[in-house]
Structure formats: C-alpha cells, structure tokens
Amino acid sequence: MAGRATCPDLRREDCAMKDIGLVTDLYRSELSRFERQVAGTTPAWMQQLRQAAGARFADLGFPTTHHEEWTHTDVTSIVEIPFTPAGRRPDIAKAELESVVSWVGPVHQLTFVNGHFSSSLSSLKLLPHGVIAESLADSCTIVPNLLEPHLGRYAQHKDHAFVALNTAFLKDGAFIYLPPKMVVEEPILVMFVSCPNGKATISHPRVLIVAGPSSRAAVLESYVGLKDDLYFTNAVTELVLGEEAELDHHLLQQESQAAYHIATLAVHQGRRSRFTSHSLAIGSALDRSEVRALLADEGITCTLRGVYAATGRQHVDIHTRIEHAKPRCMSQQLYKGILSGHASGVFNGRILVRQDAHKTDARQTNNNLLLSEHAAIHTTPQLEIFADDVKCTHGATVGQLDRDVLFYLRSRGIDLENARRLMTHVFGGELIRLITHEMIRNRFTELLSQWTSHTYSESLTA
Amino acid sequence: MATEDWIQDLPPHEYKYGFTTEIEAETAPPGLNEDIIRLISAKKNEPAFMLEWRLKAYHHWLTMQEPQWAKIHHPPIDYQAIVYYSAPKTERRPKSLAEVDPLLLATYRKLGIPLSEQEVLTGVAVDAVFDSVSVATTYKEHLAKLGIIFCAFSEAVQNHPELVQKHLGTVVPYSDNFFASLNSAVFSDGSFCYIPKGVRCPMELSTYFRINAPRIGQFERTLIVAEEGSYVSYLEGCTAPMRAEHQLHAAVVELIALDRAQIKYATVQNWYPGDSEGQGGIYNFVTKRGICAGVDSRISWTQVEVGSAITWKYPSVVLRGDNSIGEFYSVALTTHRQQADTGTKMIHIGRNTRSTIVSKGISAGYAQNTYRGLVHILRKATGCRNYTQCHSLLLGDRCGAHTFPSIAVHNASSQVEHEASTTKIGEDQIFYCRQRGLSAEDAVSLIVNGFCHEVFRELPMEFAVEAQKLLNVRLEGTVG
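These protein sequence lines are chains W and Z, in that order. Everything in the first sequence is counted per my numbering, starting at 13 for the first residue and increasing by one. Everything in the second sequence is counted per my numbering, starting at 9 for the first residue and increasing by one.
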C-alpha cells in the first residue's frame, strides 16, 4: 500500500498487480502456518512437492485477464475475498446432506466435508478385495509406494497458479486404486460437501485415481454446497490409466449459487486405454473447469462430454486440452452450453497433435444455446497440428431454440413455455443420455430437468 | 508410394520474379526519427494536416511495443536499419506511358502486366506502384468522366486534400496497432479511390506493388471510399524481387462503404518468400480493415496468399450499418519455411448483419499456417448471422496447421456456425488421379485447386486464372 502512495501516477493495472502480490503474501503466510500444522505427519516427498508448488504459486500469482488463458474469466473477486482455510465440521447431519443429494441403491461412497474426510458419511464396505478407495492422508501412511509415483505428476503446477495453490496445501483428498484386471461394476462416489457456516472459506480437494492395467470402473466426483454459502473450492483431480484400462469419469458441479469453483482434471492415458468423461455444471457463481488429457501411448480413446448451464449472473468457463502425443489415438469432445439471464459462458477447447502422432482422429464440437438477450458466450475451439496424416475437425455453433420446432410443438397443443422447456432439456439431455450407468444418468437428467424448470419459472416471474 | 517420397524427388522451384531493376533511386538514410518524417512529408509536398498526423502517429508508435502473440518466429527487426523513403529519380511525373523509364516498363512486362497491352486488352486501369512513387496511372480520364477518383495517394493528398482529411485514419486510426502506427508515420505512397454516389465502376481497378531498392521497407496506404449506392471491385497484386536480407512490408488498407455501397477487394500476394532454408523473404505485416458504415452495404475481402517469408494479417470488416454484409475468402499457401498467421475479424454492430468466412490453408515442407479469427456479435446487433469454415490441407509431415477462431455472441437472436477441419491430401484421391494417367504433380495440383475452388470463384476472371497458375508454380518446388 505504501508503494502506491509514493507512486501516485502508477497505472491501474500496476495497482491490481500490487494487490495480487499482497494477496499472494497472505496465502504464503497461510501456507507456512499450514506447513507447521502438518509438519512430520506426511512423508518427505510430499512435503517437497508442497514446497515446490508453494514457491511456484508465489512466482505465478493469481492470473489476470491479461493472461491469455484467462481473458474472459476475471478472478478478481476470488483475489479480493479473504478466504480462510475451512475447518472440520463433524456435526453435519446425514439427514441434512441427504436433503440435497439423494442417491438410490447401494453405492460406494467417500464423503469429504470442507475438504476433510468424513468416515461417518462414507460407506465402503462392499468394495471388492484389493480395491482401495479411501482418504489420501490414510493411504499415504499405509501404501505410500502406490501414491508417490503418481501424485502431482500429471496436474502440472508449473504453469497453473490454482493447481500450484492446491498442491501447496496438499494433505488430504480421495485416493482410488484399482489393481490390474479388477472390474468394479458399481460406480464409486466421491463427494465434496462445503458448509462454511458463515465465514468465507477455501478448500483444496484433491483426488488421485490410479487404474491398473485392464481394470474397469466408474467414478462420480460431485461437488455440493448446502445453502447459498460463500466459499471457494479449488480442486485438482489426477487420473492415470494403465494399459487397456477403462474408466468412466463423471463430474457433477452443484456448488452453492455464491460459491467459486475452480477445478482441474488431469488425465494420463496408457496404451489402448479408454477414458470417458461426463460432466454437468449447474452451480456456483464462477466456475472454471479444465480438462487436460495426455494421450501418451498408441491406440487410446478419449471422450469428453459436458453440459454447462448457467443463469442469473453465473459465469461458467470450460477449458479443455487434449494432447495427442502418439499415433493412432482417437479423441472426441462434445460440449453443450445453455445460457440464460445475465449469465456468461466461455468454452476454450484445444486439440494439440504432436509431430509423430500420425493417424490421429480428433473431433470437437461445441454447441451453445442462448436463451436471453443478456446472456453471452465466448467460444474458441482450437486446433494445433504438427503431423500430416491426421483427421481433425472442430465445430462451434451459437443459436436459439428452433422456431419451426417450437411451432410444431405448439401446433400439437403444447404451450410455448412447456415447448421451450422441453426443447432446452432435450438439447442438453442428448449428451446425458449417453451415460451408461443408469443411476448417474437418471440423477443428471433429473438435475438438468430441475434446472430448466427453475430457469423458465424464474424468467416468467422476472 | 508414400506421398512423402515423391514430394522429395521433385526438383526445387525457383522464384520467377527474382530480378532487380537498376534505376537511379533517391533514397533517404536508414533510420527513423522526426526529421525523416518531415523529409518524407516535405518530399511529398504535403499539407500541414498530413505532417501533423504523421508526427502524432510517430509519437504514439514510440510508446508501443512490437506484439508477440502471433504464432510466428523471426529475429528482432531493427527499425533503425530500415530505409523509409526511396523514390525512382525522375524529374517530373510522366504524362503518358511513353515518358516512363523503359527499364521500369520492362520490369512490369516480366511480371506479366504490360501496361500498354493491358490498357487495351483487359480494360484494367492499373496504378502501378514502384517502390514508393506511383509511376503510371492509366485509364484515369475515362474514370474521371464518371467522377471516379483513382490515383496515387500522394496525388490525392495534393488534389483532394478534403477527402483525404475526412477519411484518413477513420477505419484504422494511427494508434491502432504497432505496425499501423509505423505505417501512419512513414507511409510513402499508395492508392486512393473514391466512387461517387450511385456510380458503378465499369472496370476492375488494379494496383501492382513492387519492392525494388534494397533495404527499403514498403509502407503502402490504400484508402477506398464508396459513396451511397456505388460499386467498386479492386485488385491488388504483389511481387517482389529476390533479396538476401529480410524486408519489412507494413501496409494499411482502409475501406469505407456507405449506404448500399459495395466494395470487393481482392489480393494476390506473391512477395518473395525466401529460399528453401528460410533465408531472405518479405515480412508482410499488414492491417486491412473495412467499415460497412451505411445500411445494406457490403464489403468482401478475397485473398490469395502464396508469398512472403511471414504473412501476418487479418482483413476485417466492421459491420456498423444495419443489414450490411461482410465476407472473407482466403487461400493461404505456405511452403518451405514460410509462416502465415492470417484470418479475419467480423465485428457485428448493426442489426441483421451477416458475415461469411471461408478460409483454406495449405501447408507444405516445414511451413506453419495459422488461421486466427474473431466473430464478435454485440448485444444490440440482433438477428445477426455468421457462417465460418476453415479447412487446412497438410502436405508433408514436418509442417503444421493451426486454427484459433474466437467467437463471442452477446444476444439471443443471432446465429453463429463455425466448422474447421485439418487433413492430409487423400492418398486415395491421388491414386485415383494417377490411375487415370495424371502425374503425381498434376494430381496434387488438381486436388489443391479443387480444395481452393470456393475462394477462386470469388476472384475476377483474370485473377482467378493467375492465382491458379501461381499456386501451381509455388507447389512445384515443394510438393509437386
């Protein structure tokens, strides 16, 4: 602050940078306190990882809109709000939780409250022998050799401030390990619940999933807020698939309407593995979700499908990056956005094909539906190709509900409001229908349907 | 046989237009400062407002930094080593072709634009720009009868200062970007075109640019104003002789279309691309922008980019008038170590405005070809429509093709579609052609020309033929 007083003609951006510098200091002091707390409770390699990431975060600072990757997403409010680390909440009642998230059927579930593992809210009795699904902190003491080669290797903290911040505060999270050839039919649920109780809090959820060769499983990662609470979730998920492993990953972002959600999903795929990701983002005031997939060997299939829906003053930003490093891989991305109210959306998808990645087949599509005069979308599909024997396409559209279809529905006696709702639901539902696990598919469908009904009733009263 | 093998077997192709003309030139010392700008302005006998404007641009340029965001690589440019003014030494402006230096005319003949013949045969009025001074302007009288002004920029400054003052810098302000500012400060000449109300220009207007003296940076400035209900089609062709060191070409083109006016602007760019190792060649850093200022106006850019070591330009259209239309058709061919970062911007401000973008990129050898575009639909621009397609063709496994489109839509009544693809030339297509008796070289040329057909279709007849030939010639050395 003193610097600004002596330098009255300092430009605005410089001031902003200074403030960010101060905030970074704040996080640094927070970090040293955290280090003292956990000193000795975690292995040395983890401590080194944290320190490297912490130093990197101090160098990077928070991104500004001058940063190319962050042009349309302004994180100033995250920087300005003094978030404090979220404490344990052992008192949260199971009933309270079930009012928001109701899952039917037997599930394997890991529950975290404010980033801390809650054994009372988790149920893991029915998992096959050999499968590990538990708190990362526990695994760290029991099976450190399973974690060390993977943790922090795929989500690069070198060029990403929020990944660096998450890694700097790394202690707990979810760890899922599938031994070779293991098949788990029922989806494994990892749920992160935030209930800050009046104070603006920050949590750094971390997930590591290691799928051994030829294993198969489905995981649902879900982020839930209980009320209209103000908090910041800064999540990082790392996924590594061994040879011929198959993993269906589902991401459900249902944060509170005031929350900030920044998440990075880093995927590392081995030879002939198959990865599918389905995401649904309907919550939070600001959501920035990144998917980075590295197709590191031959014959890989990678599919990303996502629906993002925003209304009011919500801002949703999807960034994907698929890197084809080796020949004969296939990737497919399909993202659909529904924007209403004053909401704004960003889609930035990048396909990178390295020089040796011949016979690459990469496709990307982004469709957006703008439902109101004040909604906005910025979409940037990108192809970066350094090999010639490839088939790469991308497409992006921005549009409205088809008038002819609306007319058809009305001519069949469906009123305008219902016709619109139906069409909006179908637009997003098209992707959700492709989810193979019935329970997850039904849940996603239900949530999207709730969202559309709610959005239309809101626009009617407004 | 794999595509790569026969590609390498083909003989290297030579740059056909790599000759220099030895004509006495009046040249300023290299470097840029206020004095040089005053000198340029004084040499051109410019009115005070021009000098003022140049100096404003220069002072603004001093505060700017060279942009770094493009996907191009080159050694830093020393702006103090460039010659900013060079003019063929002639006593006075020639009145007819007979008075023009015969050596100059011979140069143009080698380029395939014999002015004397073209005048009669093709009906094209050519304003040939040799380095920085306009040498010969033909057909001027005929156009003058219709009230059309088509002349060198320096002439327009002398004869129509009110028009220049009114429109100069209204589309591309002097503070627009680093290279536009530099151009505004030091531009030596260019073309000026004014179509009065309701006039349909009866012929294609054409300008050929040449960079001749060594170490000279070519800073052209073109301004086209189409008044209410008028129509003009304008062609620009560029060829440059072979030089070892890099040369900077930073031109600015401004188009203004008023109510119901239509401007078609076509470019065939064939500057010297450097040799196969990337030595020499032109840096083509150009700012081109048009404004559809009036209702129902229309601007279309068509470009065929085959030359230059580096091409970096985004011909754009600002669609301000309601119901106006912007179009962009582009073929960019890069071979050897050429780099191209090109595309367009369509800014929709008026209601019911429409834009179409068709971009074809062909990359061979070690070349890098990037499409970068922006479609921006503002909140009040209701009922807008954009259709974009950009396709890339790769010939060879060491080249790259990149697509960075950006789409921003701020209202719920506009529709935007974008599609892009990148593939290599189909082996089955080549096989089919060869089976029908075509050589590998002809097959590739046939396929590439078919790939570009949509864009060539937009060119005036003579240019389409020339563009096709040019493409074949450029492909010869690298891919067949």
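Even glycine gets a Cβ: it sits at the ideal position worked out from N, Cα and C. No experiment lies behind these values; they were computed from the predicted model shown.
Task: CB contact flag (Z/Thr378, Z/Cys398, <8 Å) - done: no
TODO: With 9 Å as the limit, tell me which residues of the region 411-425 of chain Z have their beta carbon closer than that to any beta carbon of chain B; keep them in chain order.
DONE: Note that chain B does not occur in the displayed structure, where the protein chains are W and Z.
Task: Own chain residues within Cβ distance below 6 Å of Z/Ser162, not counting five before or after - done: Lys52 and Asp197
Open item on the list: Let me confirm a value: Z/Phe57 is counted as buried when at least 16 other C-beta atoms fall within 10 Å, else exposed. Which label applies?
Closed with: exposed
- [ ] Can you tell me which of the three DSSP states Z/Ile45 falls into?
- [x] helix
Open item on the list: Tell me whether the region 211-219 of chain W and the region 65-84 of chain W touch, counting them as touching only if at least three CB pairs, one residue from each stretch, are closer than 8 Å.
Closed with: no
Task: Neighbourhood of W/Ile93 by C-beta distance below 7 Å, restricted to the same chain and skipping five residues each side - done: Ala212
Open item on the list: Output needed for W/Ala145: all residues of its chain with C-beta closer than 7 Å, excluding positions within five of it in sequence on either side, in chain order.
Closed with: His120, Leu122, Leu136, Leu139, Ile188 and Ile200
Task: Beta-carbon contacts of Z/Gly334 that lie in its chain and below 7 Å, excluding the five residues immediately before and after - done: Cys300, Ile307, Val325, Leu327, Met354 and Ser363
Open item on the list: Using the three-state DSSP reduction, which class does Z/Cys201 fall into: helix, strand or coil?
Closed with: strand
TODO: State yes or no: is the C-beta of W/Thr245 within less than 8 Å of the C-beta of W/Ser289?
DONE: no
Task: Beta-carbon proximity check, W/Ile444 vs W/Thr457, cutoff 8 Å - done: yes
- [ ] Kindly indicate which three-state DSSP category W/Asp260 falls into: helix, strand or coil?
- [x] strand
Task: Terminal residues of the beta strand (DSSP E) in which W/Asn360 lies - done: Ser356 to Val365
Open item on the list: Let me confirm a value: Z/Tyr291 is counted as buried when at least 16 other C-beta atoms fall within 10 Å, else exposed. Which label applies?
Closed with: buried
Task: Members of the region 50-69 of chain W near chain Z, C-beta cut-off 8 Å - done: none
TODO: Pull up the CB-CB distance for Z/Phe186 and Z/Gln73, whole angstroms please, since I reckon it's below 8 Å.
DONE: 7 Å
TODO: Work out the CA separation of Z/Val303 and Z/Pro75 for me, nearest whole Å.
DONE: 34 Å
Open item on the list: Let me confirm a value: W/Pro393 is counted as buried when at least 16 other C-beta atoms fall within 10 Å, else exposed. Which label applies?
Closed with: buried
Task: Contact under 8 Å by Cβ, W/His406 with W/Leu395 - done: yes
Task: Among W/Gly411, W/Arg433 and W/Phe124, the one whose alpha carbon lies nearest that of W/Leu421 - done: W/Arg433
TODO: Pull out every residue of the region 367-387 of chain W whose Cβ sits closer than 8 Å to any Cβ of chain Z, in chain order.
DONE: Gln367, His370, Asn380, Leu382, Leu383, Ser384, Glu385, His386 and Ala387
Open item on the list: Between the alpha carbons of Z/Val128 and Z/Ala375, how many angstroms are there, rounded?
Closed with: Because the pLDDT at Z/Val128 is just 35, under 50, the model does not fix this residue reliably, and the point stays unresolved.
Task: Members of the region 60-76 of chain Z near chain W, C-beta cut-off 7 Å - done: none
Open item on the list: Using a Cβ-Cβ distance cut-off of 8 Å, determine whether W/Gly407 contacts chain Z.
Closed with: yes
Task: Inter-stretch contact at 8 Å, needing at least 3 Cβ pairs: the region 359-376 of chain W / the region 378-394 of chain Z - done: no
- [ ] Consider the Cβ of Z/Ala56: report whether some Cβ of chain W lies at a distance smaller than 8 Å.
- [x] no
Task: Reduced DSSP category for W/Ala229 - H, G, I as helix; E, B as strand; rest coil - done: strand
- [ ] Compute the Euclidean distance between the alpha carbons of W/His449 and W/Pro55, then round it to the nearest angstrom.
- [x] 37 Å
Open item on the list: Would you say Z/Cys407 lies against chain W (beta-carbon separation less than 8 Å)?
Closed with: yes
Open item on the list: Buried or exposed for Z/Ser140, going by 16 or more other Cβ atoms inside 10 Å?
Closed with: Low local confidence applies: a pLDDT of 44 at Z/Ser140 is under 50, so the model's placement there is unreliable, and no value is given.
Task: Meets three-Cβ-pair contact criterion under 8 Å: the region 257-277 of chain W and the region 233-241 of chain W - done: yes
TODO: Express the C-alpha separation of Z/Ala36 and Z/Lys174 in angstroms, rounding to a whole number.
DONE: 30 Å
Open item on the list: Just checking: is the beta-carbon of Z/Glu466 within a distance shorter than 8 Å of some beta-carbon in chain W?
Closed with: no
Open item on the list: Could you compute how far the alpha carbon of W/Met451 sits from the alpha carbon of W/Leu351?
Closed with: 26 Å
Task: Per DSSP, the bridge partner or partners of W/Met342 - done: W/Thr313 and W/Asp373
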